[in-house]
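Everything in the sequence shown is counted per numbering that gives the first Met the number 0, starting at 0 for the first residue and increasing by one. Report on the structure given below.
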Amino acid sequence: MMVLFAASEIYPYAKSGGLADVAHSLPEALRELTEIYTVMPLYNQVDREKHGIVYADISFNYWLGGVRHQFDIFHKEDSRTELFIYNPIICDREGLYHDSYGDFGDNELRFGLFNYAILELILHMRLPVKVLHLNDWQTALTALLAKQKYRLDLKVVFTIHNLAYQGVFDKNAMETLELDWDACFKPDRLEFFDRVNFMKAGIFYADAVTTVSPNYAAQIQTPAYGQDLDEMLRQNNHKLQGIINGISYDTFDPATDEALYKNYSVKKFENRSKNKKKLCKEQGLAEPKRPLFTFIGRLTGQKGVDLLLQNMEAFSELEANFFILGSGEKHYEQIFKEFENRFDNIKIYLGYDEVLSRQLYASADFLLMPSHFEPCGLNQMIAMHYGCVPIVSLTGGLADTVLDFKQTLKPHKGAGVGVTFEDHNGWEFYRAVTKALSLFSHGKKFEKIAKRNMEIDFSWAKPAKKYLKVYR
Ligand code: ADP
Numbered sequence: 000m001m002v003l004f005a006a007s008e009i010y011p012y013a014k015s016g017g018l019a020d021v022a023h024s025l026p027e028a029l030r031e032l033t034e035i036y037t038v039m040p041l042y043n044q045v046d047r048e049k050h051g052i053v054y055a056d057i058s059f060n061y062w063l064g065g066v067r068h069q070f071d072i073f074h075k076e077d078s079r080t081e082l083f084i085y086n087p088i089i090c091d092r093e094g095l096y097h098d099s100y101g102d103f104g105d106n107e108l109r110f111g112l113f114n115y116a117i118l119e120l121i122l123h124m125r126l127p128v129k130v131l132h133l134n135d136w137q138t139a140l141t142a143l144l145a146k147q148k149y150r151l152d153l154k155v156v157f158t159i160h161n162l163a164y165q166g167v168f169d170k171n172a173m174e175t176l177e178l179d180w181d182a183c184f185k186p187d188r189l190e191f192f193d194r195v196n197f198m199k200a201g202i203f204y205a206d207a208v209t210t211v212s213p214n215y216a217a218q219i220q221t222p223a224y225g226q227d228l229d230e231m232l233r234q235n236n237h238k239l240q241g242i243i244n245g246i247s248y249d250t251f252d253p254a255t256d257e258a259l260y261k262n263y264s265v266k267k268f269e270n271r272s273k274n275k276k277k278l279c280k281e282q283g284l285a286e287p288k289r290p291l292f293t294f295i296g297r298l299t300g301q302k303g304v305d306l307l308l309q310n311m312e313a314f315s316e317l318e319a320n321f322f323i324l325g326s327g328e329k330h331y332e333q334i335f336k337e338f339e340n341r342f343d344n345i346k347i348y349l350g351y352d353e354v355l356s357r358q359l360y361a362s363a364d365f366l367l368m369p370s371h372f373e374p375c376g377l378n379q380m381i382a383m384h385y386g387c388v389p390i391v392s393l394t395g396g397l398a399d400t401v402l403d404f405k406q407t408l409k410p411h412k413g414a415g416v417g418v419t420f421e422d423h424n425g426w427e428f429y430r431a432v433t434k435a436l437s438l439f440s441h442g443k444k445f446e447k448i449a450k451r452n453m454e455i456d457f458s459w460a461k462p463a464k465k466y467l468k469v470y471r
C-alpha cells in the first residue's frame, strides 16, 4: 500500500514547530510498515547541498487563472522516497509562512499551488498512491482537489496538528484557485464567515480525520476549544479520532545526543548532573544544586506565556534557577527583553536554538508547560525521555501523557509522571511550581520519577501502527 505523506515543513529541512518533527518521525516509523513517500516545498532556506537534495529530472507546468506555473521535482540522493517541489512563488521567500511584516499576502496562492502540484506529481511520476496523508491547512485543499477535481482513486487522511491555524482567506481565493463555487462554497464545506477556510476542506473531503491526542479530539468538538469549527467537527466526528504523537528516538536520545556535554541513560543517571553543572556555569546561573526550571517553546498565547510573565517576580524570589528559551510574537519578546538580566536566577534567551534546547532538556530538573491548549505537545515527552520532570496544565495531549505525582507515583505505558494543575491561572501555576520544589527536596523520590519517566515508551512504534490501521 503506497502512502504519500504531504506537509509544509519536515525536519531537518524546514521547521517552525512540532509539525516538522512529526512529519519527519512518523513517516520514518511507517517506512518499516509500508511503502511511504514524503513531499514538501523546497524552500530557499533548505540547504540542498548539506542534505544531498538533487533534481529528479522531472518538471511540469500547471496553468492557473491563465498563468503558467512551473514545478521542478527534487529528491534526496540517498532516499528517493523523500520528494521536494520547487516553484518560485512557493519557495523564494524568507520564512515559511511569514516574515517580520506578518503573513505573506499570497499564502492562499502559494499553498494552493503546492496542493495542485502534489496531485500533478502523483500523475507525472505515475505513483500508485493508495493513501494520501495530508497535514494541517497548508495541504488540506489537496483533499478537495483529489476528490472533486482530479477524482483520483485513493483515500485521503487529514491530520489536524493545531486547529488554531486554519488558513482563512478572502473568498476571491475561490477564483484564484479555480475552485467550484457552487459545489464548495457552503458552510459545511469551505465557507467560513463569508471567507474561505482551507482547514475545512481537509475535514470535509478527507475519508478519515485524525488529530494528535485523544483528549484534543474530544476537546475540539466543544465551543471552548473548537475555534469556531466545533460544530463542523461534531458533524464529522464519525471519521475523527485522536492518535497521540511520538518522538523520534533516533533524534532524541540522551545516550547519544551530540549536543550534550555528557551523555547519560537510566543506568548512568549520575552523568546527567554534569550537564546541569556545565550549563549553569556557562550561563552564569548560581548554585547548580538548586532546582532548574526551563521553558522551551514558541512565545504565543497558546503556550501560556502570560502565566509565565505574571510569575516572573515571584519566581525570582524562589531558591531555584529558571531558563526561558523561546521565540515568537514580538510583543512577548519585547516584554521578556525587559526582564533580561534583571534577576540573577532567571536567564532568558530569545531565539530558536536546537542545540541549547537539547542541553536544557538534559540539564533542567523541571519543564514548564502551562499551555492554555495543547493538541499533543512534544516538549513534555522529550523532557520525560531526558529525565526532566514536566509541570503541565491539564489540557489536550498534556493530560494524556502526564499524570500527577500526588495521584500516582507509577507511570503507565503511555504516560509519565509530573506536576499537573487544572485551573488555568497564574496562581495555580505558581502553586504547581512550589509543589515541584517540594518534590525536588525529596531527592530520592524525585530521582525515581525522573528515571521511570525515561523508560516510558514515547517512541513512534505504537502510534505508527495506529496510523497504519487508519490507512487500511
Ligand atoms: P508547537 O508545534 O506547538 O510549537 P510542540 O510541543 O508540538 O509545539 O513542538 C515544539 C518543538 O519545537 C519541540 O521539539 C521543541 O523542543 C522545539 N522548540 C520550540 N521552541 C524552540 C526554541 N526556541 N528553540 C529550540 N527548540 C524549540
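Positions of the beta carbon are idealized from the N, C-alpha and C atoms, including for glycine.
In its own chain, which residues sit with a C-beta less than 6 Å from the C-beta of residue i, not counting the 5 before and 5 after it?
i, result
"R451", "P410"
"L393", "T419, E421"
"Y61", "H68, Y115, E119"
"D71", "S58, Y85"
"F113", "P40, I89"
"K434", "V418"
What is the DSSP secondary structure of residue i, counted as helix, strand or coil?
i, result
"T175", "helix"
"G297", "Correcting the residue type first, residue 297 is Arg in the shown sequence and not Gly. Strand at R297."
"Q69", "strand"
"F428", "helix"
"D403", "strand"
"A182", "helix"
"M124", "coil"
"H472", "With the chain covering 0 to 471 only, the question about residue 472 has no answer from this structure."
"S356", "helix"
"Y42", "coil"
"L324", "strand"
"I334", "helix"
"K346", "strand"
"Y164", "coil"
"R194", "strand"
"L108", "helix"
"F268", "helix"
"F365", "strand"
"S315", "helix"
"L144", "helix"
"K30", "It is worth fixing the name first, because residue 30 is Arg in this sequence and not Lys. Note: R30 maps to coil in three-state DSSP."
"H441", "coil"
"N262", "coil"
"E472", "As shown, the chain starts at 0 and ends at 471. That puts residue 472 outside it, with no answer to give."
"D305", "helix"
"K14", "coil"
Have a look at the DSSP bridge pairing and note the partners of residue i.
i, result
"N114", "DSSP, once it has assigned bridges, lists no residue as partnering N114."
"Y411", "As written in the sequence, residue 411 is His, which differs from the Tyr given in the question. Bridge partners of H411: A414."
"T138", "Beta-bridge pairing links T138 to no other residue."
"L3", "Y36, L131"
"T498", "Residue 498 is absent from the structure shown; the chain starts at 0 and stops at 471."
"H74", "V53, L82"
"R289", "Answer is none; R289 lacks a bridge partner."
"G101", "D98"
"F420", "S392"
"V21", "Partner(s): none; V21 has no beta bridge."
"N310", "BP columns for N310 are empty, so no partner."
"Y61", "H68"
Leaving out the 5 sequence neighbours to the left and right, which residues in its chain are closer than 8 Å to residue i when beta-carbon positions are compared?
i, result
"I334", "L308"
"Y36", "M1, V2, L3, F4, T80, E81, L82, L126, V128"
"Y54", "D71, I72, F73"
"E478", "In the structure displayed, the chain extends from 0 to 471; residue 478 sits before or after that span and is not available."
Between which residues of its own chain and residue i is the CB-CB distance below 7 Å, once the five residues before and five after are set aside?
i, result
"K275", "P287, L291, S362"
"Y164", "D135, W136"
"T255", "N262"
"Q220", "D229, L232, R233, N236"
"Y224", "Q218, F372"
"G296", "K302, G325, N378"
"F428", "L306, N310, P369, F420"
"D343", "A285"
Residue i and residue j look like a contact to me (Cβ under 8 Å); what is the Cβ gap, rounded to whole Å?
i, j, result
"V208", "N235", "6 Å"
"D179", "Q147", "7 Å"
"F197", "L140", "5 Å"
"G303", "P369", "3 Å"
"L153", "A145", "7 Å"
"E39", "I246", "Note that residue 39 corresponds to Met in the displayed sequence, not to Glu. Not a contact, Cβ separation roughly 20 Å."
"Y42", "C90", "5 Å"
"A414", "D403", "Contact flag wrong, Cβ pair sits at about 10 Å."
"R155", "L133", "The residue asked about is misnamed: residue 155 is Val in this sequence, not Arg. With 8 Å as the limit, V155 and L133 qualify as a contact, their Cβ atoms being about 6 Å apart."
Every unbroken alpha helix (DSSP H) within the stretch 204-258, with a cutoff of 4 residues, ordered by chain: 213-218, 229-234
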